[in-house]
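Student: Counting from 1 along the sequence shown, just add 5 to a position and that's the residue number in the working numbering.
By construction, the Cβ of each residue, glycine as well, lies at the ideal position given by its N, Cα and C atoms.
Can you keep this structure in mind? I'll have questions shortly.
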Amino acid sequence: PDYETGVKAVVKEAEELARREGYDEVIPVTLRAMPLTHHRIERIAYELGAELDSWDTELWVSEEDRRRAEEIWRGWGFGEDEFVVALHRRGANIYKYWDVGEAQEVVDYLKERYGAEVIAFETHTDLNREPAKQLEGVYSTADLPELPLKVSAALIEKCKLFIGLDSGPMWLATTTKTPIIALFTMTWMHQSAPLREKSLIVASRKAWEMATEEFKERHRNRILRDEAGGTKIKAETVIEAIDRFGFMRPKRLGKGKGREEERDRDYIRYLGPLFNPTGWSQACRHNIMAISQFAEVIPVNITIVDMNYQNEECKKILEMKQRNWGHSYSKTIFHCNLRKFYYLFDEDKENYAYVVYESKVLDKELKEILSSMPWNKIIVPSEFVKDVLVDNDIKKPISVVPHVFKEYEPLPIQGLDRYTSKLKFYTINDWTPRKNLPALIRAYFETFTKSDDVVLIVKTSSWIYPRDKIAQEISRIKMDFTDAPDIVLLFGFFDDGQISYLHKIGDVFVSATHSEAWGLTGFEAMGYGNPVIQTFWGGTKDYMNYEISYPISEGVEDYLHIEPPFTPQHGDNDIWFYPDMNRFKEVMRYCYEHIDEAKERGKKAREHIRRNYSLDVISKRFREVLT
């Protein structure tokens with residue numbers, strides 16, 4: 006009765022607080038097992054679709070608990086900045102088991118690669134004491150007197166990383182800010198302890214088969230599937246998860262020539278999709294090469310879709326990664342999808358968000374990430390993106406660092422030599438609503454006929470549509486014209502050398518996009534010395550002008566309209582630009598009839614781009630921003 010009376014009193018007090026603070030509902034959670042409280046609250050909130058304001062471990066871990074944890078920590082000889090990993094390999098359920106040989110391989114890797122110390126963190130039962138002692142070269146909680154749960158949580162809180170099964174210790178870890186690599190051998194993942202954003206999941210084949218489709222989709226960017234079979238988890242999958250986190254600690258440096266200089270170097274961790282044949286990936290690589298002129302860069306390949314693209318630039322970055330992997334770093338640059346990978350934010354370091362945005366209203370999720378997280382600075386490629394962030398009340402320091410121009414050795418594309426005698430308009434854009442390719446193709450057909458000595462080369466790609474569907478759409482547009490000029494469709498992801506070839510053989514680049522944060526392909530075309538006809542809105546204003554290019558400023562700003570299956574992130578009542586396609590037609594015809602004049606503008610553009618956006622120039626700009 007006393008317990009029931011106490012619960013009712015707490016609920017009543019909570020309801021009064023809820024009314025004052027404007028909450029919709031009070032959910033009483035009455036559990037006496039403290040480490041499970043956070044786990045259950047998180048699960049209920051997750052199932053209801055509710056967001057928790059915060060969870061502070063000080064609500065239940067006292068200073069006395071932390072003092073006891075500190076004594077144990079010092080007794081093991083650990084310092085404040087020690088790279089310590091807590092590892093748990095067996096749960097109370099006998100089926101939750103991580104093979105000792107695989108766990109030992111991970112321990113050895115942590116010690117060799119990162120110079121880490123490892124605590125075999127086990128609960129105090131006869132079942133778990135022995136597994137803790139089976140690992141070599143670790144400190145074990147099984148050697149300590151019985152630890153209160155709160156002291157155990159305080160110990161985990163001091164570690165840089167927790168690796169363990171879905172069991173009691175992992176529930177403890179979820180009440181701390183320590184990053185987690187959660188190992189699911191045979192648990193229903195969607196019914197297990199909800200993990201903080203700063204976590205990765207390693208799933209056995211059995212656990213993956215048992216997971217719901219909703220869970221797989223929600224967490225698809227942070228689940229690593231182990232294909233060992235059954236409930237087994239191999240060391241190599243866990244090692245991949247460790248490396249993906251990018252937690253780096255220098256190996257202890259010995260004495261000798263150059264060792265002090267090595268300690269004094271500034272190391273910068275750069276996160277992004279490094280090995281894809283996309284403009285985004287290319288921009289990451291160029292930035293890394295620029296930064297590497299004044300600092301050591303630790304490249305971390307963070308991407309939803311890894312295409313394993315390799316060129317000479319990629320090979321240099323792989324060599325850089327091999328050389329610098331394992332060093333401590335002072336700064337991290339996030340040039341990745343912040344909505345998916347913000348959990349890699351490192352509170353002990355300087356953090357820089359590299360933000361690219363093409364319209365005027367930030368989506369709510371990105372705005373929350375940029376506003377609420379303590380970024381040291383936000384880096385953007387253009388004044389347009391800076392203005393968008395300021396107009397959306399982002400209060401962080403913002404610095405503009407333009408893109409790098411780099412020329413590549415051309416790699417010929419078969420089938421284009423038969424158009425040698427024709428004037429070649431060309432465009433390089435994805436098949437998305439923002440790129441506005443159907444409108445550009447229609448404008449081209451309305452401007453020229455078969456009798457004109459002209460061709461439009463459309464280089465495009467799509468994550469949604471296959472080549473055949475895009476070809477059919479172009480054919481439907483062409484059917485409206487009885488005397489349509491030549492058009493060539495090039496579909497797929499091209500090598501940098503093949504893109505260079507298009508710039509080399511193309512005569513006039515044209516792009517009618519609704520918006521660009523920068524506009525890499527038009528920028529590159531100018532760097533190669535071609536006249537560029539392009540929408541003059543957004544980031545293109547930073548490098549285009551009327552003396553060196555053909556900006557299309559005619560048009561209107563209006564609400565963007567995007568139909569499924571395209572679902573880009575954008576804000577409520579978002580705005581972009583609708584260029585005047587009649588003006589595009591006028592300028593395309595003018596360039597066709599005055600190609601020599603257009604070529605002169607292209608020469609001026611080449612000089613302008615190469616003078617102001619070289620690797621050395623952008624490197625100096627990055628140095629100003631980062632140091």
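Could you name each continuous beta strand (DSSP E) segment of 3 residues or more that falls completely within the region 150-228, going from the start of the chain to the end?
Tutor: Entirely contained in the region 150-228, the beta strand (DSSP E) runs reaching 3 residues are, in chain order, 166-170, 185-189 and 204-208.
Student: Suppose the cutoff is 6 Å on Cβ atoms and the five residues either side in sequence are ignored; what does the same chain contact list for Glu-265 look like?
Tutor: Note that Glu-265 has pLDDT 40, beneath the 50 cutoff, so the model's placement of it is unreliable and the number below is only indicative. If we look at Glu-265 and ignore the five residues flanking it on each side, it has no Cβ neighbours.
Student: Once the 5 residues before and after Ile-614 are set aside, which same chain residues still bring their CB inside 8 Å of it?
Tutor: Around Ile-614: Phe-410, Phe-528, Met-531, Gly-532 and Tyr-548.
Student: Buried or exposed for Asn-578, going by 16 or more other Cβ atoms inside 10 Å?
Tutor: Asn-578 is exposed by the Cβ-count criterion.
Student: Should the region 593-610 be called in touch with the region 464-482, which here means at least 3 C-beta pairs below 8 Å?
Tutor: Cβ pair count under 8 Å is below three, so no.
Student: By the DSSP assignment, the alpha helix (DSSP H) with Ala-448 in it spans what residues?
Tutor: Looking at the DSSP string, the run of the alpha helix (DSSP H) that includes Ala-448 is 442-452.
Student: For the alpha helix (DSSP H) that Trp-285 lies in, which residues bound it at each end?
Tutor: From DSSP, the alpha helix (DSSP H) with Trp-285 extends over 284-296.
Student: Once you ignore the five residues that flank Leu-276 on each side, which residues in its own chain have a CB closer than 6 Å to its CB?
Tutor: If we look at Leu-276 and ignore the five residues flanking it on each side, its Cβ neighbours are Val-305, Ile-307, Phe-339 and Cys-341.
Student: In terms of alpha-carbon separation, which member of Pro-584, Ile-557 and Phe-571 lies closest to Asp-563?
Tutor: For Asp-563, the nearest C-alpha among the options comes from Pro-584.
Student: Could you pull out every unbroken alpha helix (DSSP H) segment of at least 4 residues lying fully inside the region 454-537, listed in chain order?
Tutor: Segments of the alpha helix (DSSP H) lying fully in the region 454-537: 472-483, 501-510 and 525-532.
Student: For Asp-231, is the classification buried or exposed, using 16 other Cβ atoms within 10 angstroms of its Cβ as the cut-off for buried?
Tutor: Buried, by the Cβ-count rule.
Student: With DSSP collapsed to three states, give me the class of Leu-367.
Tutor: Coil at Leu-367, not helix or strand.
Student: Which residues in the same chain have their Cβ closer than 7 Å to the Cβ of Ala-23, if we skip the five residues on either side of it in sequence?
Tutor: Here the set comprises Val-31.
Student: Quick check: Thr-487 and Glu-521, are their CB atoms within less than 8 Å of each other?
Tutor: Result no, Cβ atoms of Thr-487 and Glu-521 do not sit closer than 8 Å.
Student: Check Ser-145 in the structure and name its three-state DSSP category.
Tutor: Three-state DSSP puts Ser-145 in a strand.
Student: So the alpha helix (DSSP H) Ile-244 belongs to, where does it begin and stop?
Tutor: Unbroken alpha helix (DSSP H) run through Ile-244: 240-250.
Student: Rounded to the nearest angstrom, what separates Tyr-431 and Glu-602 at their Cα positions?
Tutor: Looking at the two C-alpha atoms, the distance is approximately 18 Å.
Student: Thinking C-alpha only, which one of Leu-445, Gly-82, Leu-188 and Ala-448 is nearest Lys-211?
Tutor: Residue Leu-188 is the option with its Cα nearest to Lys-211.
Student: List the residues that DSSP assigns as beta-bridge partners of Gly-277.
Tutor: The partner list for Gly-277 (beta bridge, DSSP) reads Asn-306.
Student: Provide the residue span of the alpha helix (DSSP H) that contains Tyr-357, from first to last.
Tutor: Unbroken run through Tyr-357 is the beta strand (DSSP E), 355-359; no alpha helix (DSSP H).
Student: Please list the terminal residues of the continuous beta strand (DSSP E) segment that includes Phe-541.
Tutor: No beta strand (DSSP E) holds Phe-541; DSSP gives it neither H nor E.
Student: Quick one: what does DSSP say Phe-627 is sitting in, helix, strand or coil?
Tutor: Residue state, collapsed to three classes: helix.
Student: Please identify the residue among Glu-162, Glu-117 and Leu-152 whose C-alpha is closest to the C-alpha of Gly-142.
Tutor: Comparing Cα positions, the closest option is Glu-117.
Student: Would you say Gly-169 and Phe-220 are within 8 Å of each other, going by their C-beta atoms?
Tutor: Their beta carbons are not under 8 Å apart, which means Gly-169 does not touch Phe-220 by this criterion.
Student: Quick one: grab the DSSP three-state call for Val-89.
Tutor: Here Val-89 sits in strand by DSSP.
Student: Check whether the Cβ atoms of Thr-4 and Trp-103 lie closer than 8 Å to each other.
Tutor: Outside the shown range of the chain, which is 6 to 632, sits residue 4, and nothing can be said about it.
Student: As a quick exercise: from Gly-497, Trp-285 and Arg-25, pick the residue whose alpha carbon is nearest that of Arg-472.
Tutor: The shortest C-alpha separation from Arg-472 is found at Gly-497.
Student: Does the beta-carbon distance from Pro-407 to Phe-571 come in below 8 Å?
Tutor: In this structure, Phe-571 does not lie closer than 8 Å to Pro-407 by Cβ.
Student: Can you name, in chain order, every residue of its own chain whose Cβ lies under 8 Å from the Cβ of Ile-161, other than the five neighbours on each side?
Tutor: Ala-91, Phe-126, Phe-167, Pro-174, Leu-177, Ala-178, Thr-181 and Thr-183.
Student: Which residue wins for smallest C-alpha separation from Ala-489, given the options Arg-447, Lys-372, Gln-503 and Lys-239?
Tutor: For Ala-489, the nearest C-alpha among the options comes from Arg-447.
Student: For Tyr-347, which residues in the same chain have their Cβ closer than 6 Å to its Cβ, ignoring the five residues on either side in sequence?
Tutor: Answer for Tyr-347: Ile-374, listed in chain order.
Student: Just checking, does the region 500-514 make contact with the region 411-420 on the three C-beta pairs under 8 Å criterion?
Tutor: Touching, yes.
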